[in-house]
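Below is one structure; the comments refer to it alone.
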Amino acid sequence: MRIMRYIKWKLPVVACCVMLTACGDFFDVDPIDGASPDDFYTNNSELNSVAYGMYAPLSPEVHKLFLWGSARADLVTEGETKDVYVSEFINNTVSTLNPYTDYGFLYKSIARCNHQLKNLPRMQPNGDKVTATRLKIFYGEAYFLRAWCYFQLVRTFGQVPLVLEEVADDVTFEDEKGNIVKMNTITMTDEELRAVVLQPAQEQEVWKAIMSDLAKARVLINGTSYALGFAPPAEEPLIRASWIGAYALSAEVALWNGLYQEASAYAEFFIKQGKLGAASTWPQQYTTTAAASATTYNSFGFMYVFEQGFRTQRLQEFTSPIEADGGRYLVKPKMTVCSQLFNEPLDIRSKVSYMRVNRKDVIWKYIGLDEEGKSMRKPYESIANWYILKHADVYLIRGIAENELGNTGAALEMLNVVRVARGLQKYKRDDIALDKANMKEQLFKEKAREDAFEGKRWYDLLLRETRLGESGIIARTVSAKYDDENQKNEVYSRLSNPANWYLPIEPERWK
Amino acid sequence: MFNKYKIFFFCFLGLNVPRLALAQEETEERADTTKQAVLAVSPKEKEWNDIYSMRSMFLFDRGLMGEEAGVYTAYNGFVGNAGLMMIRGVTSVNLNTSPYVFVDGLPARQAPNVGPFASGVLHSNLTFINPLDIVSMRIVKDGYSNVLYGGRAGNGIIEMEIDKGTTGTATIDAAVRVGFMDADFEPSLMNAAEYRAYLYQMMSDRGYSAGELQQNPLFDPSQPAYSHETYWPGELSQKGLFSDVYLKMKGGDGDTHYLFSIGYTSESEVLKEVKDQRINMRFNLDFKISPKVKISNLFAYNYGNNRFFGEGSNWKQNPLFVSAAKAPFMSKDYYSAEGIKVEQLAGVDALGMTNPAALVEGLNNKGLSNKVDALIRGDWTINSKTSANAEVMVSYNSMTEKLHQPAEGIAMDRYIERQSAKRSYSEYLMRWKALVNRHGNILEDLTYNANAGLSMDMYEEKMIFGRTVNAASDEMESLDKGKFVDSLANTRYEHNMMNVYLSGGLNWRNKLNLGANFNLERSSNFGADGAWNLYAGAEVRWKALQTASEWVELFGQYGRTGNNDVRGGYYARLYKPAAYYIYGGVYLGNVRNDDLKPEYTHNYDAGVNAALFGNLLEVGASYYYRKTVGLITQKSLPIEIGLDPQYENNGDVVNQGVEVSLAVNPIQKNDLKWSIFATISTLKNEVKSLKNGEIVRTMDQFTAVAKEGEELGAFYGYKVKGIYNTKAEIDVVKSDGSEYQPGDYKMEDINGDHKINGLDRQVIGSPIPEFYGGFGTNLTWKGLSFAALFTYSYGNDVYNLFRQRLSMMSDYSNQSRDVLNRWVSAEQPGNGWLPRSAYGDPSNNFVTSDRWVEDGSYLRLKSIAVQYDVPMKNRMGFIKGVRVSVNCNNLWTLSGYSGFDPEVFSGLDPLMRGVDCGATPSPRSYIFGLNVSF
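Protein chains in written order, with this note's numbering: chain A, 445 to 955; chain B, 266 to 1199.
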C-alpha cells in the first residue's frame, strides 16, 4: 500500500523535477534567421562574410555621395522634376530637414569595421583555416574602410563623432568620479550616449585617426597583386579594399593634410603598381558593368546586380528622364559649364559623361549603354558602377602635390600621362603657362573631366579653397552655373560664408 | 448566463432532436456539467445548436458576434479568408492580436503567422473546424480563467468541444445544404463620354497639344475598339454558391464509444472565379480498459483548396479596382482594325491598362491545405476524490499557395511582365499534458477542488517562399522557368514551452466560491531574465440570493495573462544577413537582450449575474479593466552607434468596458417558447505610454498610429479644411517648401508654422467601436422554430481607401463620378469635395486625410433561420427524423457608410484595421437545408 501511495504521488513529482532540470537544451532554441557570432571567427569564409557586411550599408546610398559631391558643385543643375531636397543641394541651401544629410549609413559601416577589428584577435593564423597574410588583410580592410568613411564624413560635415571602438553591446567610459564604468548600450539614453561616446571630435582629431588607420592598412594589406593576397573573383579588386586602394586613398588624404611629399610618394608607389588603361576602352567602365573594365580604371568602388536581389543604386531615378525606367529626372548637366570644361572634341569622356537625348540633356554615366545616346539601361535596372578611387586621380593627385612643392615640370608630366591615356595631345611646355596657379587650374580641370558627376567636384573645390590657398574659388565656380544674375549673386554670397561649405545635420531626426 | 436557454435550444433544435430519448439523456448529462460550470467558472459555455451552426455555416468564427458580449468580429466577403476577431480590445502593437482557438485541448492559430500571400489574402487556419462537428463553445474572456493559458491568452481564448461517440444504438445523421449568395459591389463610375472628357483634360494638362489629341484614336468614338459603354465591375460579379454535405455516424456500448464524421463544403464567391472547398473528417474511439481507466483517441484529417485574387491594396492585382479604373469605352474583347470582333480577349490597352477580364481569367492563384490531428488521452479515476488524466496530441498543418500572373492582357508592373510565386507554410505541434484533480470536503459545508498539472509544447513553424519573374511564356508557370529570382525567403520558428499548473477553489454552502489559479511558464522565446513567467489570478463569487428559480451572483476577479508570441530570437546576439553585390555578408543585427519579457496583461473583472422572476429575466453585467504593460516596441539608438533598432518592453495600453447581457423568456410553455435577448459591450482603448515614441504604419495612402493618449491603431493624417480657390488664400507651403496651387486641399496647419508636414498629422478616426453587440429572438412552436439575430457596431470609423483611390485624379484611370464635381477653376469650384485634378498628385492632396474617414457604425440583420421538424407519426422504418430549414444571412444593413459594406477587414495588424480596400462585401446568403437522421 505504501509503495502504491509512493508511486501514485511521489513518482509524478520526482518525474516533474527531473524534467524541469533536464530540459536545459529543450529551451535552447537556435533562431534560424540569424547566426550566432560566437560560432564565427573560425575560418576564412566567416571572416569574409563579416567583411562583406561592412560594405553593405554603403553601396545602396551612393546617391547621397552624388548629392554631396556633385550636385552642390558647378556641373549639375535641376532637372525637369523638382524635388525640393535635391534642389537644396543644387542651390546649396541644405537644411537639417533634408533626409539626404543622414550620414547613418557611414556610421553603420564604421560600426561593422569596429566589430571586425574587435573580433579578429579571436582568430589566430591556423593552417588551412586562415593564413597569417590573409588575416592581416582582414585587419587592413577594416582600417581602410573605416578611414574612407571618416574621410567622407569629415570633408562633408566638419566636426563629427569619432567612434573607434565597438559600442553595440556595451560602452566603457570614465564617470565623473573617475571610475571606469561599463554599461549595456541599449539600456542607455541618447543623452548618456552622446555624452560619453558621441561627442563631436575636432576635425584634426578625425584626420589623425584617418591617417593612423591608413598607415595600418598600407602595411597590413600587403600584396603584390591587386590586393587580397589570394585568387579573388574578378570584381574583388574593385569592390573591396586593396593594397593600391590604400595607397590611392593615402595620397588623397595626405594632400588634404598638406603633406605633399607623402602624397606624392604614396601616389608614386601606386603608379608603380597600377596602370592607367587605354582611351579606347575607357567608356566601357560606364557602358558596361564588367569587372574587367571597372578594375582597369579604378581601385575602389561599388558594383550592383539587378537580377539577384535587386541590389541597385538610385542614380537612374535621379538622372533618367524616362518615367517607365523609373526615372524622375531630378538633375541634369549644366550645359554651359560642361561645354566649357569638355572643350576638346577628341575627348572621349565628354561623350560618355553627358548627352542630349530626345531633346533632353542627361547625365549619361548612369543610364547609358553606348557612346551614341541610343541604348539605355532597362527599366529599373539602375546598376551602373560607382567609382570612388580612380587610377587617373592618383596621377593627378601626384601632379597637384608636386605642383604645390614647386615641381611644375613633374606636375605637367603627370597631367600629360592622363591626357595621353585619354587620347588627347600632350601639353607642351609652350602650350600652357607653366606657373603654379595655371598648372593647378589645368590639373583640376583634367580631374573634373575625369570625375564628372561622380561625387568629387565639390571636394576638389573645397580642397582648393581651404588647403590650396584659392580663396573664393567655391563661390566663384559654383555661382557661375546660374544664368540669372540675382541668383548668381545670391549663391556667391552664400558660398562666401565658410559655414555653408559643410552640410548641417541633426542626427536625432534620422534615427 | 444563457445556459438554460441553450439547453432548451439544444433539446428542441439540436441535430438529434428526432431521437427524443437520446436527446433527453444527453441533456441531463450536459445540465450537470453546466451547473458545475456556473459554479466554478464565470465564462459561459455556449451550447452549439443548428441555428448557430447555420449562422456560421461558412466558417465557425463568422457567427461569433452578437450573442456573446465582448466579442467583436469583422469579415468581408472573401471566401475562406480570415477576419478580425477581437475579445475585449486590442493589447499589442507588434505581436499577435488574435485569440487562440483550443479544439478539444489542441491550440490553433486563427491564421498563419506570415504576411498576406497576395495583398489582402490571409486564408483562415480555422477551416479545419466543421461547424456541424461542434458540441459546445466557450469564449474565455476573463483574466482569471485565462491564467491557465498563460502566455497564449493575451487576446482571450476560444475553447470548443467536438462531438464524440455516445452509448446507444448506432445513429447516422445526414445533412445537405445548398444555397446562393449575392452582393452589391458597384462603385459609381464615370460613363464613356464623361471619362473621355476627363481623359482629354488630363492628357492636355500633361502637355499634349490639341492637335496631338485630335489625332489620338482614343478620342474618336467611331473607332471599333473605343466605341463601347462597359460597366467593368459588372463583368466580375456573379451569384455565389454554397453547398455542403455532411454525414455523421456515432454509437457505442457501455465500454466503447465511436464517432465518424465527414463533411464536404464548397463556396464560390460573389466575385468570379474565387472559391473555397473543404473536406473535414474525424474519427474518434473511446474505450474503457478497466472500470477506472478510459482511453480516448481522436484522428482528424482536413483538406482544403481554394482559388483567390488579391483583394487588397495591390491595385494592379485587385480585380475590382482594375475593373473600376478601366476605360469604359473599351471592351473586354479584341476588335480588329476593320471593326470585327475577334474571339479573344483584348490585350493591354493604349493607356497601358490591364483588361480586367484577362486578369480574372489569367491569374492562376491557388491554395491547398492539409491538416492532421491526433490525440490519445487516458483518464484514470483513482478514487472517488481523485482522478488524473494525461494526453499526447500531435498536429500538423501544411498550406501551399501559388500565384501565376501571365502577361497576356495584364499591364507590366515595373519590371514584372510575368510572375510566379509559391509559398509553403507548415505548423507542427506536439503537446503533452497531465493533470491531477482532487476534490472533497474540508468541513461539512466547505468543499474544495484542486488541480495540479504539467504540459510541454513543442511547436515549429516553417515557411518557404519564392517568386521568379519574366518567364519566356505565359504557359510556363513553374518557378524554375522565371528569368530571374525576384525574391526568396524561408523562415523557421521554434517555440518550446513548459507550463506547471496549480489551481484550486473553495466552495462554502454553494454560496461563496474562492478560487486561485497559478501557471508557471517557461518559454524558449526569451532570454535568461524573461524565460520564467508566473501567471496568477484569483476570484471570489458570492451568491447573494438563491432560491429554486432565482439567483443573484456577484463576482470579482483578477488574473495576469501574457503574450509570448515573440519571434526573432532577441535573447541571442545574432548576425543578420547583409548582401553586398552578389555576396552574402553578415552584421551584428541583434544585441543580446536578456530582459525581454512577454507583454503582460493585468485583467480585473467585477460584475453580477442573475436569473430573476422565475426564469423570466436573465441578466449579466460586468466591468473589465485590462492593462497591458511592457509592450514590445523598437528602440532606436543614435545613428552614430550604427546599430539597427532593438526590441524592448516599453509601453502600456489599457482596454476597459462594460458588458451587459439580457434575456427575457416571456413564454415558456411546452409547445410554445419565446425568448428575446440582447448584448451590449463598450470598449475604451488607450495607449498609456510608448517611451520609444509613436509607431506609424502606412499602407498605400493609409496611415495609422500607436500614440500615447490615443486609441491603438487610430487613423493618422491631415484634416481637410476646404479647397483653396485663389492664390491669395494660400498662406502655407508644402512640406518640402514648394507652393500649393489654387484647387489644392487646404490642410489644417495645426502648429501654425505655415508649412504642411508630418507635424500637422493628427488622429482623424479610429477603427475601434465605442459599443457593439447584438439582439435577437427565438421562437418555437411544436416542431417549428424561428430565430433572428441582429448585430451592431457603433462609433467605429472606416478609412475608405477604395473611394480615395477612385478619386485621386492622378493618372488616366477611370474615376468615381465624384470627380465630375471637382474643383476646376475659381469660377468652377465644383461642390467642394474634390480638389483639382493633377497628374501624379504633386500637391499630395491625397495623403491620408479625414476626407476619407467615414462612420462605420451599422445595424445588420445578421441571420434569420426557420426550421421545421417534420412530424414522423409512423416512423418510416429506418428514418428517425427529418428536418427542413432555411437560413438567410446579412439580409439587411442600416449604415451611413458609402462603400460596399461597413464591415471591413484589411489584415490582422492592429495598425491596419478598418481600411476598406474594396474587397467584396459580406454577401446576402439564402441557404436551404435538409437533415435526416437514421
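Where a beta carbon is used, it is the ideal one built from N, C-alpha and C, also for glycine.
None of the values given here were measured: they were computed from a predicted structure.
Going by other Cβ atoms of all chains shown within 10 Å of its Cβ, with 16 needed for buried, is residue i buried or exposed?
| i | result |
| --- | --- |
| ASN798 (chain B) | buried |
| LYS748 (chain B) | exposed |
| GLU846 (chain A) | buried |
| VAL1089 (chain B) | exposed |
| MET779 (chain A) | exposed |
| LEU1173 (chain B) | buried |
| SER453 (chain B) | exposed |
| TRP1046 (chain B) | exposed |
| ALA671 (chain A) | Because ALA671 (chain A) carries a pLDDT of 44, less than 50, the predicted location of this residue cannot be relied on, and the following value inherits that uncertainty. So ALA671 (chain A) counts as buried. |
| GLY716 (chain A) | Here residue 716 (chain A) turns out to be Lys, not Gly, going by the sequence shown. Exposed, since its Cβ has fewer than 16 Cβ neighbours within 10 Å. |
| ARG803 (chain A) | exposed |
| ILE707 (chain B) | exposed |
| TRP808 (chain A) | buried |
| GLN643 (chain A) | exposed |
| GLU494 (chain B) | exposed |
| ASP1203 (chain B) | Residue 1203 (chain B) falls outside the range modelled here, since chain B spans only 266 to 1199, and no answer is possible. |
| VAL604 (chain A) | buried |
| GLY745 (chain A) | buried |
| GLY519 (chain B) | exposed |
Which partner residues does residue i have in the DSSP bridge list?
| i | result |
| --- | --- |
| THR733 (chain B) | B:SER685, B:VAL750 |
| CYS1153 (chain B) | B:ILE1129, B:TYR1191 |
| MET567 (chain A) | In DSSP, MET567 (chain A) forms no bridge with anything. |
| ARG1148 (chain B) | B:ASP1134, B:ASN1196 |
| VAL919 (chain B) | B:LYS892, B:GLU951 |
| HIS669 (chain B) | B:SER685 |
| ILE404 (chain B) | B:ILE423 |
Going by DSSP in three states, residue i sits in which element: helix, strand or coil?
| i | result |
| --- | --- |
| TYR865 (chain B) | strand |
| GLY1038 (chain B) | strand |
| GLY1023 (chain B) | helix |
| VAL997 (chain B) | coil |
| VAL765 (chain B) | strand |
| ALA793 (chain B) | coil |
| ASN990 (chain B) | coil |
| PHE1213 (chain B) | What is shown of chain B runs 266 to 1199, which leaves residue 1213 (chain B) out entirely. |
| HIS559 (chain A) | helix |
| PHE783 (chain B) | strand |
| LEU813 (chain A) | coil |
| SER588 (chain B) | helix |
| PRO501 (chain A) | coil |
| GLU712 (chain A) | helix |
| HIS493 (chain B) | coil |
| PRO605 (chain A) | strand |
Whole beta strand (DSSP E) runs in the stretch 817-862 of chain A with 3 or more residues, listed along the chain?
830-834
Does the stretch 576-593 of chain B touch the stretch 1050-1063 of chain B, meaning 3 or more C-beta pairs lie closer than 8 Å?
no
Report yes or no: do three or more beta-carbon pairs, one from the stretch 602-622 of chain B and one from the stretch 674-682 of chain B, lie closer than 8 Å?
yes
Taking contact to mean at least 3 C-beta pairs separated by less than 8 Å, is the stretch 846-861 of chain A in contact with the stretch 745-754 of chain A?
no
Enumerated in chain order, which unbroken segments of the alpha helix (DSSP H) with a length of 4 residues or greater are wholly contained in the stretch 609-643 of chain A?
634-640
Does the stretch 780-793 of chain B come within contact of the stretch 761-769 of chain B, defined as at least 3 CB pairs closer than 8 Å?
yes
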